[in-house]
Amino acid sequence: MPSDAYNAAVATIREQMQQANAGPPPDLETTRAGFEASYSSRPIPDGVSVTPVDAGGVSAEWVTPSVVEGNRAIIYLHGGGYVVGNLNTHRHVVSRLAVEAKARLLNVDYRLAPENPYPAALDDAMAAWQWHLANGGEAAHTAISGDSAGGGLTIALCMKLRDEGLEQPACAAPISPWTDLTFSGDSMTERAERDPMLSGGDALHGMVMAYAQSVDAADPYISPVFGKFEDLPPMMIQVGTEEVLYDDSTRVVEGIESASGSVEFRPWQDMMHVWHLLAGVASEAEEGIAELAAYISERT
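And the structure:
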């Protein structure tokens, strides 16, 4: 049963969404500013340092806790439907992940659509990965993680690394990944009223138009659910049972299992899309991050 703090946060999110949907759709800059205002002011744990870096031409930052185990590292790709989100919006999440995993974490500020449509985000993720390996990072001690669009991007990056014969990470850990930008999963309609964060409405369709533009949204590097699942790194996928994107996770899990790959499926009962964003507010967010960190720590 969700905590009182979680329920209160969800009630606030529902109210905010209802207010937003009552009027004309906000423009993109207003949406970006609103998302940043909601999450960028959340505090990070004591003892964590944040250092801006140029990761192969990509804006990024090293998030480093006071204790790091060996050369363990995490490459993190934030969510936001490929159109919103930045280093600030997810710093409160990734800093906790870095602390729990005892890892340096590269928080990647990939280019956003519609100004920079596909394949910009994937190109930036690839550039950050290659920069990391060229600057002391070791694939065997590095995980790739991300939430929502960043979770889908995590899987797409692993597929691209495989397809190009490049080194893959020790493991991948997507959170609530958006893997089907064609919306073919049953949960898109079945859970539309249950997920307070995403409803599957016009906003998501607008994100697809902004990111994919003239490219078929069923392209596996855009929608990894349609890709090949052989020879991917070990993976753990977390998803909330209330998510419209629930089937985006289950179908990837089924694909990896059918390809005899290593995958752990972690559905969280009663949780919304990327409940980890409630870190510092609800215990469920902290617990989800701890589970993610434990998986990464065991494999890096």
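Going by our numbering, the first residue of the sequence shown is number 61, and it counts up by one from there. Note that the Cβ used here is the ideal one computed from N, Cα and C, for glycine as well.
query: With DSSP as the reference, please indicate the residues paired to L137 in a beta bridge.; result: V168 and G206
query: Are the CB atoms of L305 and L258 within a distance shorter than 8 Å?; result: yes
query: Near Q329, which residues of its chain fall below 7 Å by C-beta distance, leaving aside the five closest residues on each side in sequence?; result: T301
query: Tell me the residue span of the alpha helix (DSSP H) that contains Q78.; result: D64 to A82
query: When you compare only the Cα positions, how much space is there between W122 and L182?; result: 20 Å
query: Using the beta-carbon count (16 or more within 10 Å), is T202 buried or exposed?; result: buried
query: Give the list of continuous alpha helix (DSSP H) stretches no shorter than 4 residues that lie fully inside the region 247-271.; result: 247-250
query: From this set, M332, C231, S247 and A188, which residue's C-alpha is nearest D255's C-alpha?; result: M332
query: Per DSSP, which residues does D114 bridge with? Please list them.; result: S119
query: Looking only at C-alpha atoms, which of P234, L193, M296 and D223 sits nearest to L213?; result: P234
query: Round the Cβ separation of I349 and L157 to the nearest angstrom and send it over; I've been treating them as touching at under 8 Å.; result: 5 Å
query: Answer yes or no: does any C-beta atom of chain D fall closer than 8 Å to that of R156?; result: In summary, chain D is missing from the structure at hand, where a single protein chain is found.
query: Let me check understanding here. Comparing Cα to Cα, which of T360, S244, W238 and I104 lies closest to G211?; result: W238
query: Which of the three DSSP states is assigned to P284 in this structure?; result: helix
query: Is the distance from the Cβ of A185 to the Cβ of Q228 below 8 Å?; result: no
query: How many angstroms separate the CA atom of Q298 from the CA atom of Y66?; result: 17 Å
query: Under the rule that 16 or more other beta-carbon atoms within 10 Å means buried, what is D291, buried or exposed?; result: exposed
query: With a 10 Å radius around its C-beta and 16 neighbouring C-beta atoms as the bar for buried, classify H265 as buried or exposed.; result: exposed
query: I need the boundaries of the alpha helix (DSSP H) containing M331, first residue and last residue.; result: M331 -> no alpha helix (DSSP H), and no H or E assigned at all.
query: Classify V275: buried if its beta carbon has 16 or more other beta carbons within 10 angstroms, exposed otherwise.; result: exposed
query: Check the C-beta distance from G206 over to Y136 and give it rounded, since I have them as a contact under 8 Å.; result: 6 Å
query: State the start and end residues of the unbroken alpha helix (DSSP H) segment that holds A345.; result: S343 to R359
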